Amino acid sequence: REQAMYSVIHGGTDLELRKLSSEYLTSLPFDGHAIGGSLGRDRDDMINVVSFVTALLPPAQPRHLLGIADLESIDRAAPLGVDTFDSCYPTRMARHGNVLTRSEGKIQILRGKYSSDFGPIDDECRCFTCQNYSRAYINHLLKAKEPVGHTLLTIHNLQFMNDTMAKIRSDILAGHI
Numbered sequence: 001r002e003q004a005m006y007s008v009i010h011g012g013t014d015l016e017l018r019k020l021s022s023e024y025l026t027s028l029p030f031d032g033h034a035i036g037g038s039l040g041r042d043r044d045d046m047i048n049v050v051s052f053v054t055a056l057l058p059p060a061q062p063r064h065l066l067g068i069a070d071l072e073s074i075d076r077a078a079p080l081g082v083d084t085f086d087s088c089y090p091t092r093m094a095r096h097g098n099v100l101t102r103s104e105g106k107i108q109i110l111r112g113k114y115s116s117d118f119g120p121i122d123d124e125c126r127c128f129t130c131q132n133y134s135r136a137y138i139n140h141l142l143k144a145k146e147p148v149g150h151t152l153l154t155i156h157n158l159q160f161m162n163d164t165m166a167k168i169r170s171d172i173l174a175g176h177i
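Okay, so the sequence shown: first residue is 1 according to the working numbering, each after it adds one.
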């Protein structure tokens with residue numbers, strides 16, 4: 001079999017509807033389950049729904065959170081048993097000139113102070129962007145409206161997210177999560 005088929009658990013913030021959806025869909029031969037639909041007004045609502053739903057899902061099957069993959073949500077949902085995430089977060093951040101770093105958190109590379117910063121975006125990153133381009137050069141590309149600037153930021157942000165997920169997997173295997 002070449003492709004897995006997932007159910008999508010719906011029900012909004014109504015936990016009874018989420019329970020009914022989970023019970024019905026887990027009775028069918030799906031390979032995994034996704035948590036989708038409205039998850040509430042804020043991150044706390046979302047975590048409440050995710051916590052409730054993941055407790056109802058078979059632990060041996062993968063759980064996917066649809067459309068949510070910012071760093072705080074990942075940090076809060078992974079310990080609840082969410083295995084995979086999808087979202088436009090790293091590319092949307094890049095499109096707006098935001099870069100994810102290990103030491104400084106999120107930075108806005110268009111700020112003037114980066115126009116003379118000739119270091120990499122992130123000293124600890126091994127991505128193509130960090131190995132070949134400075135903050136100053138990327139700042140220049142974005143100010144000059146060069147599309148490659150956003151591409152370079154996207155490459156870095158995707159690597160940052162991949163590294164984040166690798167760390168979470170390592171923490172799970174080590175029993176820290």
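The C-beta atom is built at its ideal place from N, Cα and C for all residues, glycine as well.
Here the structure is a predicted model, which means the values were calculated and not measured.
Is residue i helix, strand or coil when you go by DSSP?
| i | result |
| --- | --- |
| Gly149 | helix |
| His156 | helix |
| Leu71 | helix |
| Ala94 | helix |
| Arg76 | helix |
| Leu65 | strand |
| Ile168 | helix |
| Gly112 | helix |
| Phe128 | helix |
Less than 8 Å between the CB atoms is what I'm expecting for residue i and residue j, so what's the real figure, rounded?
| i | j | result |
| --- | --- | --- |
| Ile74 | Ile35 | So it is not a contact: roughly 14 Å between Cβ atoms. |
| Ser134 | Phe160 | So it is not a contact: roughly 17 Å between Cβ atoms. |
| Asn157 | Val99 | 7 Å |
| Tyr114 | Asn139 | 4 Å |
| Thr164 | Leu71 | 7 Å |
| Lys143 | Leu110 | 7 Å |
| Phe85 | Ile107 | That belief does not hold up - the Cβ atoms of Phe85 and Ile107 are roughly 22 Å apart, past 8 Å. |
| His150 | Arg63 | Actually they do not touch by this definition, with Cβ atoms about 32 Å apart. |
The alpha helix (DSSP H) that contains residue i, what's its start and end?
| i | result |
| --- | --- |
| Ile185 | As shown, the chain starts at 1 and ends at 177. That puts residue 185 outside it, with no answer to give. |
| Val53 | Arg43 to Leu56 |
| Lys19 | Leu15 to Thr26 |
Taking the beta strand (DSSP E) that residue i belongs to, which residues open and close that run?
| i | result |
| --- | --- |
| Val99 | Asn98 to Thr101 |
| Gln108 | Gly105 to Gln108 |
| Ser7 | Tyr6 to Ile9 |
Output yes or no for whether 9 Å exceeds the beta carbon distance between residue i and residue j.
| i | j | result |
| --- | --- | --- |
| Leu80 | Ile47 | yes |
| Thr13 | Ser38 | yes |
| Thr101 | Cys125 | yes |
| Leu66 | Ser22 | no |
| Ile177 | Ala78 | yes |
| Gly32 | Gln61 | yes |
| Val49 | Arg76 | no |
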